[in-house]
Structures are given as structure tokens and as C-alpha cells.
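Trainee:
There are 4 protein chains.
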Amino acid sequence: MPKRTFNRLDDDKKEKVMRAAIEEFQAHGFESAKIEGIAQNAGVAKGSIYQYFDDKKELFLYSVTWAIENFMKMIDRQTPMKDMDVYEYFLSGSRERFEMIRKEPLLVSFAIDFTYGKYGSLAEEINRELKQVGEEYELKLIANGKKRGTIRDDLDDKILLLFFQGVTEKFNMEILAKVKNFESEPTEEQLVETESLVKSMVTLLKQGMER
Amino acid sequence: MPKRTFNRLDDDKKEKVMRAAIEEFQAHGFESAKIEGIAQNAGVAKGSIYQYFDDKKELFLYSVTWAIENFMKMIDRQTPMKDMDVYEYFLSGSRERFEMIRKEPLLVSFAIDFTYGKYGSLAEEINRELKQVGEEYELKLIANGKKRGTIRDDLDDKILLLFFQGVTEKFNMEILAKVKNFESEPTEEQLVETESLVKSMVTLLKQGMER
Amino acid sequence: MPKRTFNRLDDDKKEKVMRAAIEEFQAHGFESAKIEGIAQNAGVAKGSIYQYFDDKKELFLYSVTWAIENFMKMIDRQTPMKDMDVYEYFLSGSRERFEMIRKEPLLVSFAIDFTYGKYGSLAEEINRELKQVGEEYELKLIANGKKRGTIRDDLDDKILLLFFQGVTEKFNMEILAKVKNFESEPTEEQLVETESLVKSMVTLLKQGMER
Amino acid sequence: MPKRTFNRLDDDKKEKVMRAAIEEFQAHGFESAKIEGIAQNAGVAKGSIYQYFDDKKELFLYSVTWAIENFMKMIDRQTPMKDMDVYEYFLSGSRERFEMIRKEPLLVSFAIDFTYGKYGSLAEEINRELKQVGEEYELKLIANGKKRGTIRDDLDDKILLLFFQGVTEKFNMEILAKVKNFESEPTEEQLVETESLVKSMVTLLKQGMER
DNA sequence: CATGAATGAGTCTTCATTCAT
DNA sequence: AATGAATGAAGACTCATTCAT
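Residue numbers (the UniProt record's numbering), protein chains in the order written: chain A, 1 to 211; chain B, 1 to 211; chain C, 1 to 211; chain D, 1 to 211.
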């Protein structure tokens, strides 16, 4: 959705612009975000933004897209779960995930706020798609668990999904908040403490859903 | 925080204004909400709004206060839980709660959106207080459960709180969405179906937290 | 120019309203003066002001008229100058005039500001009349002086008028400022000091204009 | 105090904007002056004014500064008085000063109105400074006159200052009014008549203050 | 008549978007 | 393509004036 002009920019500049945009949207919301502010933070002229995008909404939409793409890239780089058990997955990769949050708190927060609907109906389509993809994936996990017999099969998948999402989202928020406060090099203590959150979550998730 | 002029209005008008405001804020967010729109929906002149409130922000703040107060009044009117077990509480009063949501979807949605942080930092103080009150209450429930032996005591209260909140919030959202679609007179089928959501939630909550 | 309603008010209230108006106009100028403010200071309802006067401008115009009338009344009560020499006049009645300023600083200041054109073209007619009356009087003084031989007759009356006005206005401003700072009971020292201002003025006036 | 954007404008435009502003303020006073009006007279869009100045008050403040600066420039260009006697000064440069007024009646009137306090307390600081500078200069003249023996030394400098200011201000107002009515090319008669005003003033000043 | 709530025209001001260089 | 000045639509807010009680 950006214009041709934007795509021709060198990657550094592109990134600078997108990060400036995300920062502004994240800090002030869509309405209060100022094009001027984004331009300044990106180190370009206000007019240039309009060489790159049709209008503010386009810029926002692409900010979402860009953030999610980069978010995905980071996740893909992590231990892929293949056939791994969900619980296993949560526990095994936690430190890498902490690291990711620590390095990219902006992207992570923005993506979360977006999926949580903080930007209203601005990008419903993307939002819907995103949710659907996540849900489908989680439903698969649940179906797998049922097959393996690790998840109770007396409850509807939809119900279990709600439970699963409720618990994981809440804990993830907490973890996000904790990790944002990490110094550049988190202490072992901090890491352990945060990991214990993950463990507790897994314990509760497991116990809640098991037969 | 409203001006004297507002307090002197007859209750009908007050309510009309507040509902118009909440509707506008809920529909468009704070920034995009137009005073003109609120005035029109309330059936008063733009200038009148300014006789009632200092400015847009004041109006918003009072909208929040008003919504929460009315919300509380409605809840108070419901089966008080006294010494009742939480699970018991969820199950017993559910139909009354459905009715409340059905009658006041606007207030309920607005209050929820607000507590979920959709209005940013506009009323942080109220938000904080509100969260605190809720949390304290829930922590008490958890402590009670531990004493009675119905809740596992190997996990920190804070952790159990996250679990509890995550699960209940998610299910409540789902219930809210369902109930909003009820016709003026919900069918028995709809009610049963929604009740079953509550039951499932309780089942999962219980199993997740029990020893 | 006030409405019938105003004239029917008892004198106390009339005065209260007029003083409130003058105070507001004096403090904020015509444009920034608020009807609400005047009403409050007068202890009446905003609407009442409109029972008394057609609009803000009318109120202003009458404020001017009222102030000048009262001003005149006060002056008339003072040593009338009859055939007295101007210089004599300035010197003889000064203490009474100080007292008048001390008692009615608001009226005096307002009248002066008005004649000085601080309210722009709002009441040109009154202004013009007022100036004319003053001028005619002063011109008479000058003519008299010339006849008596105490004023040089090689200069045009108009020129001498400018001189006379320039000097007296400037000194009067100074005196006004001084007297405004008097406590309720001015010390003899203060009085003497201010009187000396008058004496100096007379000296300079005399010497400037004499043959 | 203008924004960077204003300073970067070419001089013609800057001047056009400032003159439009001064004209509007002069004609209607601060409160009634409309930004829209200024913009139109300057031939720019309303919004542009806000690219140049933070708000109306800033624009007013700078109008004052700008007017005074230009006023000073014009005066500086005139016969400098060096060691000249004040009376000498008044008499010698009068035609140049008439010319200045004729060419820039707006600036002159605005500057005068401002120093006379017609704009209330909007720019007290500038006003105070301005007055102080003028006074100091005039006091020096008086002190010099006393030393040379051309001014009586039995009166306080402050008193003589009042006299001097009163007389010159009044005459200058009269001269201003006269000159404003000059056609583009004033007739010799007009010039002579106005010069005679200056002469009379000097005569009276001299006689009033001399030993 | 007094009151004070209701009204809406009129302004300032903001800022996304356009445009000339 | 980049820049930043120009534009004007849109919206918050004020307050003189009207009006219902």
C-alpha cells in the first residue's frame, strides 16, 4: 500500500520512517498522531511522508502490516515448534521470547495493542485476518491435545479456546510489562522470575484443560 | 465535575445528555467524538453542553464516572454474594446479569472498554482506582478459597489472580457479545446456550485452580 | 437610554449595577467585559441586565453618561470658581479634589480613560460633546487672561489651549496616580507633596503663558 | 517571537503581513481584530498566519515590536541631534518629520496609540521599556539645559519632565492629525502652517522652563 | 420582573493535505 | 524526489442575547 516512492527508498530510511510512525501512533493513538511528528522523528520532511503514502490512514495501515511482518519474522527465527507440545513450547523458548520483547518492545506493544482493538475499527480487515490465523492455529493445538488425550474432550473446542486465550493473553501482558523494565542486560534473577511466570501459566493451563 | 447548571437539570435530561455523550465516545473514541454530535443526540444546543461541562475532557471524565456509577447500581441490585462461593455466584445470578447487559449494552460496553484501556491515558486515576478495587476483591476471593482448601496453595496469589482475571475477562467478553445480539426477549434456547458458557467457565476456573 | 425597568429600580440597586459595569469595563475594556461578570458583581442575574438595557453597548454608553454625571456633580459641589483666576482655582481647591479622587477613583479613572479615547469609537458623540464643553470653558479662561493682560496675546488661542491642556492633563494624570495610592486617611505629608505638584504646575503654566 | 517560517519569508511578504496586522489592530483593537481579516488583507490564508505566529497575542506583540523598530529606523535616518539644543532640534528637522508621518501614518499612529496605553496590558513590558528609554533621554535634555543655564533650576527634574512631556505630546498629537490630512504632496501653505505649530510649541516650552 | 438555562453565530486554532520550488 | 510553505475544512469553545418559568 505504500507508493512506489517508498519502496525505492533504502532499507534504513524505510525502517526509520516506519518506526517513527509506529512510535507516534503507539504514543498518541491514530487521531492524535501528527504527521509532522512522524516526519520529524523519521528525519524527513512532512511532504515526503505524502510521497510515500496516500494519507494518514494508509500510513497507519502499513504500520500495522509492517509491525506484524517484522513480528512474524522474529518469531519464525525462534525454535519452531513443529510437533512440539504447546506447554513444551511455552517453556522451552521463553528466554528467546524475552529477548525479543526486550529488543523490540515497540513492535511487540504496538502489535498487541492493535490486536486488542485499541485502534478501533481502523483496520478491521487486517485485525480479523490476524485473529483468524491465530485462532486456527490455537484450535489445532487444542484438537491435537484432545487426540493425544492430554486435553479433556468433554468441552467444546471453542470453549477451550476461550480459556486458552484468556489465560495466555493475560500472562503475556504481565510478562511484557516485566520485560519492558529489563535493563539492556537483564539479570539472571529477573530472567528466572519471569520464567517462573511462564511456568505457573503452563501449570494452570494444563491443569485447567486436562482430563 | 459537571457545572452547577448540569446538576440542576431534571433527571431525564441529565440522563439523555450522558447517554448521548457515552454513545458518541463509545462509537468514535475521545478524539473523534464531536461535541456537536453529542449535543444533537441529546437534543440540546452545542452551547448547552458547555453550560454543563467545562470542556470535552470534563464531559468524558464524567461520562466514565456516570457509567460506572450506574453500572454499580445495577450490580448492587443483583443477588448480593455475601458469603457465597465465587463459582456459586457466577452460576446463580447469570440470568440477571444477562438481563442487565441486554438492557444496558451501552453502559456495559463503555465501562469495559474503559477499564481495558481503550481510552488511553485520559482518566488514568479513575482507571487505576477501579482496577484496584476489582483486584482487591478478587484477591480476597482467592485468599478465601485457599483457606477453605478449594484453591491450591502452592501458587502465589498474584499468579492465581492473573489466571482468574484472564479466564473471566475473556468469557465475559464472549458473553457480552452474545447477549448484545439477543432480541428484546431472548429465547430460552439463547439463555441456556449462554448459561452453558458460564458453566464451562466455572468448570475450567475451578479445575485450573483447585488443589 | 436605559429601559424603563432600570429607572424604576431603587437608587441603591441602580448604583450597584452602574458601578459593577464601570468596574468591568475599566478592568477589561469593552470587548472583554463580560455581561455575566457585571451581573455577578452587581448581585443580579445576567438576564436582569437585559431588562435594564438593550444590549452591551447601551450599557456601556450609559456607564459613560452616568460616570460623567456623577463626576460633574462632585465637581459642582466644590468651590465654584466664579470669577476666580484659573491659577487661583487650581491652588485653592486642590485638597477637595484630592479627596474626590480618593473617594471615587473608579469614576475618575473611567472618565479620564474615556476622554483619552481608550474605548475607541464606541461613544464618539458623547466624547466629542464632552471635549467641546471642556474646550469652550478653557478657551474662555484663556480669553479672559488675555483681556486681563495675564496671558500673552501674541499667540493664537488654539495654540495656548493646546499648551494649557497638555500641561494640565499630564499633571492631572500624575496627581491621579499619586492620590490613588493614598490610604483612607492621607498623611499631611502626602497632601503637601501632592499639593506641591499642583503648585509647580501652576508655576509652569503661568510662566509659559504670561507676557 | 515569530516562528522560523515567518523569518524565512521574503521581506515583501513579511512587510505585507505586518502592515495588515497593524492596520487591523489599529482599526479594531486587539479583541475585535480578526485573524481572518489580517490574513485577507495580507493576501494569505488564515492558516498561514499560524505558520508565522503562535497565536493572536504573539502576532500583536510582534506588531508592536515591528512598528517600533521601523519607527526608530526612520527617526535614525533623520538629522541626528548630536549636541543640538532641543528647541533647535524641534525646529530644524520638522519638515523631515512631517514627511515621515505623511509616509507612514499607520506606523506612527500605532506606535503612539500603543505608548498611550490604548492596548491595555497586552505588552506591558515593551511599553515600560519604551517609556523608560524616552524618559531617560528627556531627563538628560533637561539636565543639560540646567547646566547651560537655559532651564530654571528651582524645579525638580521630574516636574520639568512632566511639563515637557505634556506639552510635546499634546502638540505632537495635533501635528499628527494635521499631517495625516496632507495630500500626497502637501502645499507650502500647509507646511508653513504646521511648522508654525512647532514654533509656537517651542516658544511656550522655552518660556515655561527658562529661568 | 427576576432568573438562569438555552441558543448559535462567530472566532480562534489545528493539522491533514496540496503545491510550488 | 525532497522540502516546507500554503491552504482551508473542521471543530472546540465563548458569550451576547433570547426565552421559558
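C-beta atoms are modelled at their ideal positions from N, C-alpha and C, and glycine is treated no differently.
Fair warning: this is a prediction, and the values are worked out from it, not measured in the lab.
1. Residues of the stretch 193–205 of chain C in Cβ contact with chain D at a cutoff of 7 Å, in chain order, please.
2. Would you give the residue range spanned by the alpha helix (DSSP H) that TYR89(C) belongs to?
3. Going along the chain, which residues of the UniProt domain "HTH tetR-type" (11–71) of chain C sit with their C-beta nearer than 9 Å to a C-beta in chain D?
4. Closest to THR194(C) by CA distance: which of ILE101(C), ILE38(C) and GLU58(C) is it?
5. Select from the stretch 141–165 of chain C all residues with a C-beta closer than 7 Å to any C-beta belonging to chain D, and list them in chain order.
6. In whole angstroms, what separates the C-alpha of LEU130(B) from that of ARG128(D)?
7. Determine whether the Cβ of THR168(A) lies closer than 9 Å to any Cβ atom of chain B.
8. When you compare the CB of TYR116(B) with every CB in chain A, is at least one pair closer than 9 Å?
9. Along chain C, which residues have their Cβ under 7 Å away from the Cβ of GLY208(D)?
10. Alpha helix (DSSP H) containing GLN132(B): first to last residue?
11. Kindly list, in the order they appear in chain D, the residues whose Cβ is closer than 7 Å to that of GLU174(C).
12. In three-state DSSP terms, what is PHE53(A)?
13. Please name the residues in the stretch 75–106 of chain B whose beta-carbon is closer than 9 Å to at least one beta-carbon of chain A, in chain order.
14. Could you tell me which chain A residues have their CB closer than 9 Å to the CB of residue 212(B), listed as they occur along the chain?
15. Given that a residue counts as buried once 16 or more other Cβ atoms are within 10 Å of its Cβ, and exposed if not, what is VAL192(A)?
16. Would ASN7(A) be called buried (16 or more neighbouring beta carbons within 10 Å of its own) or exposed?
17. Using DSSP with H/G/I as helix, E/B as strand and the rest coil, what is LYS73(D)?
18. By alpha-carbon positions, which one of MET74(A), LEU204(A) and PHE163(A) ends up nearest to ASN172(B)?
19. Determine the direct distance from the alpha carbon of PHE60(B) to that of LYS178(D), and round the result to whole angstroms.
20. First and last residue of the alpha helix (DSSP H) that includes ALA177(A)?
21. Straight-line CA distance for GLU125(B) to ILE126(D)?
22. Check whether the Cβ atoms of SER94(B) and GLN26(B) lie closer than 9 Å to each other.
23. Run the CB neighbour count on GLU136(C), radius 10 Å, all protein chains shown included, and call it buried at 16 or more, exposed below.
24. Just confirm the distance between the C-beta atoms of TYR89(B) and LYS206(B), as a whole number of angstroms; I'd bet it's less than 8 Å.
25. Note down the Cα distance separating ASP54(C) from PRO2(C), rounded to an integer number of angstroms.
26. Determine, using beta carbons only, whether SER32(B) and ALA39(B) come nearer to each other than 9 Å.
27. Does the CB of PHE110(A) have a neighbour CB from chain B at under 9 Å?
28. The alpha helix (DSSP H) with residue 231(D) in it runs from where to where?
29. Kindly list the residues whose CB is nearer than 7 Å to the CB of TYR62(B), restricted to its own chain and excluding five residues on each side of it in sequence; keep chain order.
30. Is there a C-beta anywhere in chain C that falls below 9 Å from the one on PHE171(D)?
31. Could you check if residue 213(A) is buried or exposed, using at least 16 other CB atoms within 10 Å of its CB as the buried criterion?
32. Looking at the structure shown, is PRO105(D) part of a helix, part of a strand, or coil, going by DSSP?
33. For LYS118(A), I'd like the list of residues in its chain whose CB is within less than 8 Å of its CB, leaving aside the five on either flank, ordered along the chain.
34. With burial defined as no fewer than 16 other Cβ atoms inside 10 Å of the residue's Cβ, what is the status of ARG19(C): buried or exposed?
Mentor: The answer reads as follows:
1. So the list reads SER200 and LEU204, given in the order they occur along the chain.
2. Counting along the chain, the alpha helix (DSSP H) containing TYR89(C) begins and ends at 86–92.
3. Within the UniProt domain "HTH tetR-type" (11–71) of chain C, contact with chain D at the beta-carbon level (separation under 9 Å) is assigned to HIS28, GLY29, PHE30, GLU31 and SER32.
4. For the residues ILE101(C), ILE38(C) and GLU58(C), the minimum Cα distance to THR194(C) belongs to ILE101(C).
5. Those would be LEU155, ILE159, LEU162, PHE163 and GLN165, in chain order.
6. C-alpha of LEU130(B) to C-alpha of ARG128(D): approximately 53 Å in a straight line.
7. Residue-level contact by beta carbon holds for THR168(A) and chain B, with a gap shorter than 9 Å.
8. Output row for TYR116(B): interface = yes.
9. Listed along chain C are LEU204, GLN207 and GLY208, each with a C-beta nearer than 7 Å to that of GLY208(D).
10. For GLN132(B), the enclosing alpha helix (DSSP H) begins and ends at 124–148.
11. Near GLU174(C) (Cβ distances below 7 Å), the residues of chain D are LEU162.
12. Reduced to three states, the DSSP call for PHE53(A) is coil.
13. So nothing in the stretch comes that close.
14. This structure does not reach residue 212(B), given that chain B is present from 1 up to 211, and the question cannot be answered.
15. Around the beta-carbon of VAL192(A), fewer than 16 other beta-carbon atoms lie within 10 Å, marking it exposed.
16. Burial is judged here by how many other beta carbons sit within 10 angstroms of a residue's own beta carbon; ASN7(A) has fewer than 16 and is exposed.
17. Reduced to three states, the DSSP call for LYS73(D) is helix.
18. Proximity to ASN172(B) across MET74(A), LEU204(A) and PHE163(A) peaks at PHE163(A), based on C-alpha coordinates.
19. Near 60 Å, if we compare the C-alpha coordinates of PHE60(B) and LYS178(D).
20. If you look at ALA177(A), you'll find it in the alpha helix (DSSP H) that goes 157–180.
21. Distance from the CA atom of GLU125(B) to the CA atom of ILE126(D), rounded to whole angstroms, is 43 Å.
22. The Cβ atoms of SER94(B) and GLN26(B) lie no closer than 9 Å to each other.
23. The residue in question, GLU136(C), is exposed, as its Cβ has fewer than 16 Cβ neighbours within 10 Å.
24. Contact flag wrong, Cβ pair sits at about 13 Å.
25. If you take the alpha carbons of ASP54(C) and PRO2(C), they lie about 7 Å apart.
26. Contact flag unset, no.
27. Taking Cβ atoms only, chain B never reaches closer than 9 Å to PHE110(A), which makes this a no.
28. Since the first residue shown for chain D is 1 and the last is 211, residue 231(D) is missing from the structure and cannot be characterised.
29. Result list for TYR62(B): MET1, PRO2 and PHE53, in chain order.
30. It does: the Cβ of PHE171(D) has a partner Cβ on chain C nearer than 9 Å.
31. In this structure chain A extends from 1 to 211, so residue 213(A) is not present and cannot be described.
32. PRO105(D) falls in the helix class under three-state DSSP.
33. Counting only Cβ-Cβ distances below 8 Å, and skipping sequence neighbours, we find GLY29.
34. By the neighbour-count criterion, in which 16 or more other beta carbons inside 10 Å mark a residue as buried, ARG19(C) falls on the buried side.
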